[in-house]
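Colleague: Residue numbers (the working numbering): 814 to 1045.
Glycine included, every Cβ here is placed at the ideal spot set by N, Cα and C.
Just so you know, these numbers come straight off a predicted model, no measurement behind them.
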Amino acid sequence: MVDEFRLDRDFFCQDLYLIVEGVQYKVLRKDFENNSPVFRRVLGNTDDGGTLANPLALSDVKREELHPLLQVLYPKYVPISLKSLATQAYPSRYYGTPPNLTRTEWVSVMRLSSKWGMEPIRSLANDALRTIITDDPVLAICLARDCGLDHWIKPAVTNLVKRQRSLAPNEIRALGDEYSSRICKIREMAIDIIALRGDVYDCRRNLLILPHRCNVDFTSLIDYEFPSVNQN
814 MVDEFRLDRD FFCQDLYLIV EGVQYKVLRK DFENNSPVFR RVLGNTDDGG TLANPLALSD
874 VKREELHPLL QVLYPKYVPI SLKSLATQAY PSRYYGTPPN LTRTEWVSVM RLSSKWGMEP
934 IRSLANDALR TIITDDPVLA ICLARDCGLD HWIKPAVTNL VKRQRSLAPN EIRALGDEYS
994 SRICKIREMA IDIIALRGDV YDCRRNLLIL PHRCNVDFTS LIDYEFPSVN QN
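1) What is the DSSP secondary structure of Gln-837, reduced to helix, strand or coil?
2) Go to Pro-941, then tell me how far its alpha helix (DSSP H) extends in each direction, as first and last residue.
3) Cβ of Leu-882 within 8 Å of Cβ of Ser-921?
4) In terms of residue numbering, what span does the alpha helix (DSSP H) encompassing Asp-844 cover?
5) Rank Asn-858, Tyr-887 and Lys-839 by C-alpha distance to the C-alpha of Pro-868 and give the top, closest one.
6) Based on Cα-Cα distance, which residue from Leu-829, Arg-958, Gly-835 and Glu-877 lies nearest to Val-855?
7) Could you give the distance in angstroms between the alpha-carbon of Leu-831 and the alpha-carbon of Ala-957?
8) Under 6 Å Cβ to Cβ from Ser-905, same chain only, skipping five residues before and after it: list those, please.
9) Near Pro-933, what residues of its chain come up, given a Cβ to Cβ distance below 7 Å and the 5 sequence neighbours on each side ignored?
10) What number of angstroms, rounded off, separates the C-alpha of Ser-872 from the C-alpha of Asp-861?
11) Where does the unbroken alpha helix (DSSP H) through Ala-981 begin, and where does it stop?
12) Please classify Arg-819 as buried or exposed, where buried requires at least 16 other C-beta atoms within 10 Å of its C-beta.
13) Using 10 angstroms around the beta-carbon of Glu-984, count the other beta-carbons present and answer buried if the total reaches 16, otherwise exposed.
14) Hey, how far is the Cα of Ser-1033 from the Cα of Cys-960?
15) Could you please give the first and the last residue of the uninterrupted alpha helix (DSSP H) stretch that includes Ala-866?
16) Where does Asp-1030 sit, in a helix, a strand or coil, going by DSSP?
17) Report the CB separation of Thr-874 from Val-833 in whole angstroms; it is logged as a contact under 8 Å.
18) Any idea which residues DSSP pairs Leu-829 with across the strands?
19) Provide the residue span of the alpha helix (DSSP H) that contains Glu-877, from first to last.
20) Cutting at 7 Å between CB atoms, please list the residues of its own chain near Tyr-992, excluding the five before and the five after it.
21) Rounded to the nearest angstrom, what separates Ala-902 and Arg-876 at their Cα positions?
22) Going by the CB atoms, is the gap between Ser-979 and Arg-1000 shorter than 8 Å?
23) Does the beta-carbon distance from Phe-1039 to Val-970 come in below 8 Å?
24) To which residues of the same chain is Gln-827 closer than 8 Å at the C-beta, ignoring the five residues directly before and after it?
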């Protein structure tokens, strides 16, 4: 019998107990410590989370926000043979099916992963939400401001100023006064630009082509109104 032993650093996993809106969760502590500098700092300064009787309370998180992130962190496993495992390259230690999340759920993943500094998961959310810039540019701008996604802002603004429909009242409220006024200013400038261009006659097709804001290059105007946005 061995009287003395030490714990393996990689394969002796501690549990982490969380409580969100009165519901407890038990996850692997190292997954949160390894992926989040926020959790590393918090768990390094408290005994909370070590037992079922003493969970770590996440008072500023809702269950509907946490669930999608846990689905990404712990995808559903599928049967896989050792032979196929040896012949395939995997980007991480997870060999499960990708989570089938809705856009709203991916937005929650983006918000929490940004809040907790979980960069690999944030990168997955960024890829999953790529079409949001064209599909819902107002949401893209709001999410970009909250989560530090500066590279989303100018493309989303471009889509807003190029579309024929003006900003709706609910979009103005979501964007706030500053962003709304800048976007409206650019849209108004487009009226003058279009007026200066005038009509164009296509001889080959015998058509009179009316100028349209979608054909205007707004790059310089957007750069002027949003100079501090970092596109990298």
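Modeller: In short, the structure shows the following:
1) Within the sequence shown, numbered from 1, the residue matching residue 837 stands at position 24. Strand at Gln-837.
2) By 1-based counting over the sequence shown, the position of residue 941 is 128. Position check: residue 941 holds Ala in this sequence, whereas Pro was assumed. It spans 932–941 - the alpha helix (DSSP H) in which Ala-941 sits, taken as one unbroken run.
3) As a first step, residue 882 must be located in the sequence shown, where it is residue number 69. As a first step, residue 921 must be located in the sequence shown, where it is residue number 108. Yes, they are a contact pair.
4) Along the sequence shown, read from residue 1 onward, the residue named residue 844 stands at position 31. Segment 842–848, the alpha helix (DSSP H) holding Asp-844.
5) By 1-based counting over the sequence shown, the position of residue 868 is 55. Scanning Asn-858, Tyr-887 and Lys-839 for the CA closest to the CA of Pro-868 turns up Lys-839.
6) As a working mapping, residue 855 is identified with position 42 in the sequence shown. Looking at the Cα atoms, Leu-829 is the closest of the given residues.
7) On the sequence shown, residue 831 is found 18 positions in, with the first residue counted as 1. On the sequence shown, residue 957 is found 144 positions in, with the first residue counted as 1. Each residue's alpha carbon lies about 28 Å from the other.
8) Counted from its first residue, the sequence shown places residue 905 at position 92. In this prediction, Ser-905 scores a pLDDT of 44, lower than 50, which makes its location untrustworthy; the coordinate-derived value is nonetheless stated afterwards. Cβ within range, chain order: n/a, list empty.
9) For this step, residue 933 is matched to residue 120 along the sequence shown. Excluding residues within five positions, the ones whose Cβ falls inside 7 Å are Asn-848.
10) On the sequence shown, position 59 is the one that residue 872 refers to. On the sequence shown, position 48 is the one that residue 861 refers to. For Ser-872 and Asp-861, the distance between alpha carbons rounds to 13 Å.
11) Sequence index remark: in the sequence shown, residue 981 carries index 168 (1-based). No alpha helix (DSSP H) holds Ala-981; DSSP gives it neither H nor E.
12) For the purposes of this step, residue 819 is identified with residue 6 of the sequence shown, where counting begins at 1. So Arg-819 ends up on the exposed side.
13) As a working mapping, residue 984 is identified with position 171 in the sequence shown. Glu-984 should be labelled buried.
14) For the purposes of this step, residue 1033 is taken as residue 220 along the sequence shown, with counting starting at 1. For the purposes of this step, residue 960 is taken as residue 147 along the sequence shown, with counting starting at 1. Distance between the alpha carbons of Ser-1033 and Cys-960: 25 Å.
15) Position 53 of the sequence shown, counting from 1, holds the residue named residue 866. Per DSSP, Ala-866 belongs to no alpha helix (DSSP H) and is neither H nor E.
16) Position 217 of the sequence shown holds residue 1030. Reduced to three states, the DSSP call for Asp-1030 is coil.
17) For this step, residue 874 is matched to residue 61 along the sequence shown. For this step, residue 833 is matched to residue 20 along the sequence shown. Per the sequence presented here, residue 874 reads as Val, with Thr not at that position. Between Val-833 and Val-874 the Cβ distance is about 5 Å, and since that is below 8 Å, they are a contact.
18) Here the question's residue 829 lines up with position 16 in the sequence shown. Leu-829 is bridged to Val-840.
19) The sequence position of residue 877 within the sequence shown is 64, counting from 1. In this chain, the alpha helix (DSSP H) harbouring Glu-877 covers 876–886.
20) One-based indexing of the sequence shown puts residue 992 at position 179. Result list for Tyr-992: Ile-954, in chain order.
21) Taking the first residue of the sequence shown as 1, we reach residue 902 at position 89. Taking the first residue of the sequence shown as 1, we reach residue 876 at position 63. Reliability of the predicted coordinates at Ala-902 is poor, the pLDDT of 45 falling under 50, and the value obtained from them is presented with this limitation in mind. About 33 Å.
22) Here the question's residue 1000 lines up with position 187 in the sequence shown. Here the question's residue 979 lines up with position 166 in the sequence shown. Yes; because the gap between Cβ atoms is below 8 Å, this pair is in contact.
23) In the sequence shown, the residue the question calls residue 1039 occupies position 226. In the sequence shown, the residue the question calls residue 970 occupies position 157. Yes; because the gap between Cβ atoms is below 8 Å, this pair is in contact.
24) Residue 827 sits at position 14 when you count from the first residue of the sequence shown. Cβ neighbours of Gln-827 beyond the five flanking positions: Leu-841, Arg-842, Lys-843 and Gly-863.
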